[in-house]
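Visitor: Can you read through this structure? Questions will come right after.
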Amino acid sequence: MLNIKPIPESEAEKPILSIYQSIKQTLGSSSTPLIFQYLANFSEYLSFIWPQISHNSNDILFRKEINDIENLNQVMVNEIFQSGIATELFLQKIQNLPEKYELIQFSDNLKEVSALLYLISLSLRESLKGQALGVKLIENKTTDKEQSHAVWNDISSEFFSHSISQDIKASNLNIQLPTSNFKKSQSLTTTPYPEFFKLMQWEMDKLIVEEKYLFARVEMEKYALNKLHLIPHPINSSLKIVSSYTKTNPLFPELIHLLAEYFPTQTPYRLFAASVMNRSLNFNPKSSKEETPVKSPILLPAAIELNRN
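Residue numbers (the numbering used here): 3 to 311.
Shown next, in the form of structure tokens:
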């Protein structure tokens with residue numbers, strides 16, 4: 003288990019809060035993604051690396067690569083994932099609720115941010131690759147269950163921050179959500195949201211142990227790695243650079259573990275989870291079995307090749 007803990011906004015000092023604000027503004031996010039909350043333990047390094055990430059994030063060429071990754075991942079999920087009966091019954095129940103519209107909007111944004119974080123995490127890992135052999139890494143690694151729990155806490159936290167923010171904006175701007183025979187609940191705790199996220203975590207827990215998911219993960223990483231040389235502004239995070247900013251920090255070995263293993267494992271899970279959410283919300287269970295069968299993962303390479311073209 004990691005000894006290092008993320009630093010939430012409520013506990014961050016003023017310089018870190020300023021970076022958090024820049025991160026949220028650049029990514030269009032309502033809360034600071036978990037990987038940056040971990041990096042906040044190394045304030046000098048975060049201050050060094052975030053401007054590089056931000057520079058790329060604002061580049062239209064980088065956004066194109068992110069869009070390619072996002073789209074391919076959705077194609078993969080559409081092929082390998084079939085929602086369970088409990089999820090389908092739940093989605094039928096909220097079919098005409100405005101909350102479903104909000105969840106779709108959220109999942110669209112979550113996919114984009116997750117694709118960006120995935121490519122960034124691979125870039126940071128590859129900067130260290132081949133140079134960190136002499137560094138003593140921590141022995142205890144996080145389990146899949148711990149990773150899953152952390153990611154879903156992050157996703158639900160982002161959603162509820164987003165939901166509250168959207169309610170405030172809609173109120174201030176007199177924005178009308180799609181009308182229906184139902185009114186949006188006044189309290190977030192009485193809405194369908196908690197049940198939705200619980201079902202999505204359950205769906206992911208089932209999916210990640212299947213061979214087709216593991217195959218898709220491998221193919222997704224191959225595709226994303228081929229995108230690294232297309233990053234318009236290469237990210238410099240070599241071991242020498244990282245150590246120059248963090249070597250006096252007793253948590254330095256854990257930072258190396260975060261960059262080399264934890265982030266590159268957590269961010270693709272987050273991306274697949276976002277695509278599973280999107281697939282579930284946009285899938286019509288009444289026509290699914292006849293019109294949109296789940297395809298064999300053997301077709302994934304063809305989908306990748308098509309996406310390249």
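Cβ atoms here follow ideal geometry from the backbone N, Cα and C, with glycine treated the same way. These numbers were taken from a predicted model, which means no experiment stands behind them.
I'd like to know whether the C-beta atoms of Glu256 and Leu41 end up nearer to each other than 9 Å.
Guide: Contact flag unset, no.
Visitor: From Asn80 to Lys200, what does the alpha carbon distance come to, in whole angstroms?
Guide: 20 Å
Visitor: Any heavy atom of the ligand FAD closer than 8 Å to the beta-carbon of Ser45?
Guide: For the ligand FAD, the structure offers nothing, since it holds no ligand at all.
Visitor: So, helix, strand or coil for Ile368, using DSSP?
Guide: As displayed, the chain neither begins before 3 nor continues past 311, which places residue 368 out of reach and without an answer.
Visitor: Using the Cα positions of Glu11 and Pro17, report the straight-line distance between them to the nearest angstrom.
Guide: Taking the straight line joining both Cα atoms gives about 11 Å.
Visitor: Under 9 Å, do Glu263 and Leu124 count as touching if we go by C-beta distance?
Guide: no
Visitor: Out of Tyr247, Met78, Leu105, state which residue places its alpha-carbon closest to the alpha-carbon of Phe217.
Guide: Met78
Visitor: Does DSSP put Asp61 in a helix, in a strand, or in coil?
Guide: coil
Visitor: May I ask which residues mark the beginning and end of the alpha helix (DSSP H) holding Glu263?
Guide: Unbroken run through Glu263: none, as it is neither H nor E.
Visitor: In three-state DSSP terms, what is Leu227?
Guide: In the structure shown, Leu227 adopts helical secondary structure according to DSSP, grouped into three states.
Visitor: Over the uninterrupted alpha helix (DSSP H) stretch that includes Val115, give me the two end residues.
Guide: 100-130
Visitor: How many angstroms separate the CA atom of Glu72 from the CA atom of Lys242?
Guide: 32 Å
Visitor: Excluding the 5 residues preceding and the 5 following Phe50 in the sequence, name in chain order all residues of the same chain whose CB lies nearer than 7 Å to its CB.
Guide: Tyr247
Visitor: Kindly indicate which three-state DSSP category Glu160 falls into: helix, strand or coil?
Guide: helix
Visitor: Using the Cα positions of Lys214 and Lys208, report the straight-line distance between them to the nearest angstrom.
Guide: 12 Å
Visitor: Using the Cα positions of Pro236 and Asn69, report the straight-line distance between them to the nearest angstrom.
Guide: 18 Å
Visitor: Excluding the five sequence neighbours on either side, which residues of its own chain have a C-beta within less than 7 Å of the C-beta of Ala276, listed in chain order?
Guide: Excluding positions up to five away in sequence, the list reads Ser109, Leu112, Lys113, Ser116.
Visitor: Looking only at C-alpha atoms, which of Glu13, Thr28, Leu130 sits nearest to Ser245?
Guide: Leu130
Visitor: When we look at the beta-carbon of His231 and count the other beta-carbons within 10 Å, is it buried (16 or more) or exposed?
Guide: exposed
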